[in-house]
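Asker:
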DNA sequence: CAAGATACCGAAGAGCCGTTCGAAATTAGA
DNA sequence: TCTAATTTCGAACGGCTCTTCGGTATCTTG
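Chains as they are written, first to last, in my numbering: chain A, 149 to 351; chain B, 149 to 351.
(1) When you compare each of A:350, A:340 and A:286 to residue 243 of chain A by their alpha carbons, which one comes out closest?
(2) Determine the contact status of residue 177 of chain A and residue 187 of chain B, defining contact as a CB-CB distance below 7 Å.
(3) Label residue 240 of chain A either buried or exposed according to how many other C-beta atoms from any shown protein chain fall within 10 Å of its C-beta, with 16 as the threshold for buried.
(4) If you check the beta carbons only, do residue 261 of chain A and residue 218 of chain A fall under 7 Å apart?
(5) Using a Cβ-Cβ cutoff of 9 Å, what residues of the region 329-349 of chain B are near chain A? List them in chain order.
(6) Could you name the residues of chain B that residue 182 of chain A contacts, counting a contact when the two beta carbons are closer than 8 Å?
(7) State yes or no: is the beta carbon of residue 262 of chain B nearer than 7 Å to at least one beta carbon in chain A?
(8) Using 8 Å for Cβ pairs, my map puts residue 312 of chain A next to residue 342 of chain B. What's the rounded Cβ distance?
(9) Does the distance from the C-beta atom of residue 222 of chain B to that of residue 196 of chain B stay below 7 Å?
(10) Three or more C-beta pairs under 8 Å: does that hold for the region 225-232 of chain B against the region 265-283 of chain B?
(11) Counting pairs of beta carbons, one from the region 313-321 of chain A and one from the region 281-293 of chain A, are three or more of them closer than 8 Å?
(12) Quick one: is residue 159 of chain B buried, meaning 16 or more other Cβ sit within 10 Å of its Cβ, or exposed?
(13) Per DSSP, what kind of secondary structure is residue 185 of chain B in: helix, strand or coil?
(14) Taking 7 Å as the threshold (beta carbon to beta carbon), is residue 151 of chain B in contact with chain A?
(15) With residue 262 of chain B as the anchor, note down where its alpha helix (DSSP H) starts and where it stops.
(16) Closer than 8 Å by beta-carbon distance: list the chain B residues that pair up with residue 324 of chain A, in chain order.
(17) Which word fits residue 161 of chain B, buried or exposed, when buried means at least 16 other C-beta atoms lie within 10 angstroms of its C-beta?
(18) How should residue 156 of chain B be labelled, buried or exposed, when 16 other C-beta atoms within 10 angstroms of its C-beta is the threshold for buried?
(19) Please report the distance separating the alpha-carbon of residue 344 of chain B from that of residue 248 of chain A.
(20) Looking at chain A, is there any beta carbon in it that lies within less than 7 Å of the beta carbon of residue 327 of chain B?
(21) Measure the Cβ-Cβ separation of residue 253 of chain B and residue 336 of chain B and say whether it is below 7 Å.
(22) Can the beta-carbon of residue 348 of chain A be found less than 7 Å from the beta-carbon of residue 320 of chain A?
(23) Look at the alpha carbon of residue 168 of chain B and the alpha carbon of residue 207 of chain B, and state the distance between them as a whole number of angstroms.
(24) In chain A, which residues lie with their C-beta within 9 Å of the C-beta of residue 213 of chain B?
(25) Here's the rule I'm using: 16 or more other beta-carbon atoms within 10 Å means buried, otherwise exposed. How should residue 308 of chain B be labelled?
(26) Does the distance from the CB of residue 256 of chain B to the CB of residue 181 of chain B come in under 7 Å?
(27) By how many angstroms is the C-alpha of residue 164 of chain B removed from the C-alpha of residue 328 of chain A?
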């Protein structure tokens, strides 16, 4: 992930630097989610972080570096967790439940990151510097599709159209951050269970 | 909808003016969908429309006027169609099918408009001047929810959680423009049928 | 405590932004 | 054809953008 302009060489300071950088990224995620990336100015960022312009640029290479960092914070841990889940030997239906539960919990926890990811989707899909983010997204979707394919193959799941079911599931989960509230009526686990039921019972 | 700075008073010219304005709006929708609203400059708009800056401003009040016009072009006909569908006496399940089919066809046809609407969602939800767009969105969602409620009441539909089913449906359909291609493998009607099945069979 | 690395500041700069406006070109209708 | 309405042009403007940079304060470590 190549952390930026001048991370301290002294190991004792490295941890603090990383933590502060993460604070900056999370603050940016919140602002970008609320106002949009392009519509959020550096000066709004300095207001929200308490840093001056120069101080801010101590932690980032540029404004678009922030956007990539936000997507990394979102996708890397999710992808890692997904790989753990499909690594064990549970049956496909069970793996799907675990995947969707972890996924919903993750997007709820990183609601702002996810809203930014959604808003900037077109840029992510079309511009060159987003290659890694794009391939992470694709890798996650492939994990999902593979689980559905294994379930279809062993007869534990049936789909009229497996690809449509996958896309529907992506739609449901990706849309979730638009309406969830922490301490809302439904827990992430309940939401995830509902989604799984819709995908699996449709046949 | 109060069409902008100086629509011609002569009736013969009014039609041409309106058509040209719509061209401008549709071009803007395409560019905004591809690059994002804030990231698209007026000069990109003039390049794409063939108008110079001054000519462009003959048809719009300002850049944000374009955004509102895009949402109006998207939501007004959809809402009107939805009201027609629920006005007749078909049973709730049939009304739902018709609604979702019309809705999916509409977002596929107005794919760019819908992508812009999705990307600018946060602004739409939070800023004052978007009140009308917001209330149109809410009105449409209420129509959907009412159909589900009637179906639940007469026993023709069952939901573990009706609100979650509604939100899942919104997610599926709103996400559709991200992946559909015209002349893709599935027709809008097939997509809509798949979505309905997932919502209705989940119980 | 000394000294060097680190963290931060904030004014300055170059560039692009959306918008305006007076004038020119085009068109409709008498 | 003449005229007034309409359409289009494109240079100019003020403002805001992101980023840089020289300098200062703070902190770690020997």
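Quick reminder that beta carbons are idealized off the backbone N, C-alpha and C, glycines included.
Answerer: So, from the data block:
(1) A:340
(2) no
(3) buried
(4) yes
(5) 333, 334, 338, 339, 341, 342, 343, 345, 346, 347, 348 and 349
(6) 270 and 274
(7) no
(8) 5 Å
(9) no
(10) no
(11) yes
(12) exposed
(13) coil
(14) A caution first: residue 151 of chain B carries a pLDDT of 49, below 50, which makes its placement in the model too unreliable to give a value.
(15) 259-267
(16) 315 and 319
(17) exposed
(18) exposed
(19) 21 Å
(20) yes
(21) yes
(22) no
(23) 8 Å
(24) Those do not exist, as residue 213 of chain B stays about 16 Å from chain A at its closest Cβ, beyond 9 Å.
(25) exposed
(26) no
(27) 45 Å
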